[in-house]
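Undergrad: Just so you know, the first sequence maps onto residues 3 to 275 in this note's numbering. Just passing along the structure, written as structure tokens.
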Amino acid sequence: MPELAEVDLARRLWDAGLGERVLEVIVPKPGARVFRGTDVEALRSGLTRQPLAESEASGKQMVFRFGAKRDRWLGIHLGMEGDLRVEPTRFEPRKHDYLILRQAKRALVFHDTRLFGRVLYHQGADVPEWWAKLPPSIFSEAFTREAVAAFLARRKRTALKPVLLMQERFPGVGNWMADEILWRARLHPARRAGELKPAEVARFHETVREVCRLAIEEIGPDWGYPDTWLFGHRWEKGGACPRCGADLDRAQIGGRTTCWCPRCQPGKLRVDG
DNA sequence: TCCTATGTTGTATG
DNA sequence: ACATACAACATAGG
């Protein structure tokens with residue numbers, strides 16, 4: 003379920019364990035899909051008795067560094083329905099709990115029903131490749147209007163919606179944030195990336211940044227947002243645009259359910275699905 | 001039973 | 001090599 007803001011919220015939840023040593027690493031199912039490509043035995047022995055030193059999130063990817071030398075890197079991607087939570091140090095694991103870091107005062111838990119998430123591990127002073135080669139953040143100086151314009155030009159025949167889901171340029175943006183961005187920028191999700199006028203490109207670029215910033219600022223502990231956002235109306239049966247009151251439209255665009263306001267976001271044939 | 005779900009990746013085709 | 005489209009992954013809930 004998680005996108006940029008939910009990922010960072012999950013990371014900060016685990017920060018409750020900063021400075022505390024891991025007494026025990028519990029992996030109920032070492033062969034689970036979330037560990038694909040990962041040496042679970044190295045993870046288990048590498049984190050045991052080591053303190054959690056720091057954490058960081060980048061887009062939808064998180065890293066937790068352990069040890070006095072911070073040389074043990076635990077990478078977590080929450081996939082579609084992954085979640086982090088904190089439990090008492092002794093607790094009964096739930097069905098889809100795949101990684102439990104037991105500390106003296108609490109347990110840090112990674113849970114994932116659909117197994118689309120991922121757990122990575124690296125030991126060494128060098129930055130692991132999966133963390134080093136992440137794309138530049140939407141908040142970084144590299145995220146310029148020119149860079150976005152060039153990206154749109156290269157993907158000129160692709161609809162705006164799937165373009166926004168491309169993590170190499172919009173890391174952290176997912177299905178609901180993409181819809182929120184296009185709704186606020188008043189751009190129809192099925193429009194081709196290459197057909198935007200310069201003013202629209204500028205608006206698109208600014209809105210990506212704005213929605214990412216607001217998402218982090220305004221997210222509640224329950225992953226909720228104000229009713230003035232499109233967010234909560236995407237999943238309603240009918241649903242009305244919180245800005246103009248028109249009935250919202252929905253269709254599969256780029257293989258994902260997309261929601262938009264036909265009055266606020268005109269300019270394209272009415273797609274119906 | 002069938003459809004849906006806040007994601008990524010591998011594969012096929014142009 | 002690059003751009004584009006889509007099935008596949010796994011599970012639960014309506």
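Even for Gly, the Cβ is constructed at its ideal location relative to N, Cα and C. None of these values were measured; they are calculated from a predicted model.
Beta-carbon within less than 7 Å of ALA180's beta-carbon, same chain only, minus the 5 sequence neighbours each way: which residues are those?
TA: The residues are LYS163, LEU166 and LEU167.
Undergrad: Helix or strand or just coil, what does DSSP make of THR209?
TA: Of the three classes helix, strand and coil, the one that applies to THR209 here is helix, per DSSP.
Undergrad: Taking ALA242 as the reference, give the member of GLU22, ALA127, VAL213 and ARG265 with the closest Cα.
TA: Checked all of GLU22, ALA127, VAL213 and ARG265; the closest Cα to ALA242 is ARG265.
Undergrad: Determine whether the beta carbon atoms of GLN125 and ARG67 lie at a separation below 7 Å.
TA: Cβ distance not < 7 Å, so GLN125 and ARG67 don't count as in contact.
Undergrad: Using C-beta distances below 6 Å, list every residue in its chain close to GLY275, excluding the 5 sequence neighbours before and after it, in chain order.
TA: In this prediction, GLY275 scores a pLDDT of 33, lower than 50, which makes its location untrustworthy; the coordinate-derived value is nonetheless stated afterwards. Counting only Cβ-Cβ distances below 6 Å, and skipping sequence neighbours, we find ALA253 and GLN254.
Undergrad: Starting from the N-terminal side, write out each stretch of the beta strand (DSSP E) that is 3 residues or longer and does not extend beyond the stretch 13–47.
TA: Here the runs fully enclosed are 26–28.
Undergrad: Rounded to whole angstroms, what's the CA-CA distance from ARG96 to ALA151? Just pull it up for me.
TA: Spanning the two alpha carbons is a distance of roughly 46 Å.
Undergrad: Taking the alpha carbon of TRP262 as the point to measure from, which residue in ASP229, GLU182 and GLU83 has its own alpha carbon closest?
TA: Closest by alpha carbon: GLU182.
Undergrad: Going by the DSSP bridge assignment, what does PHE68 pair with across the sheet?
TA: Its beta-bridge partners are LEU54 and ARG74.
Undergrad: For the beta strand (DSSP E) that ASP181 lies in, which residues bound it at each end?
TA: Element bounds for ASP181: not the beta strand (DSSP E) but the alpha helix (DSSP H), 177–186.
Undergrad: Tell me the residue span of the beta strand (DSSP E) that contains PHE118.
TA: First-last for PHE118: undefined, no H or E at that position.
Undergrad: Measuring only the C-alpha atoms, how far is ASP17 from TRP133?
TA: Straight-line Cα distance between these residues: approximately 19 Å.
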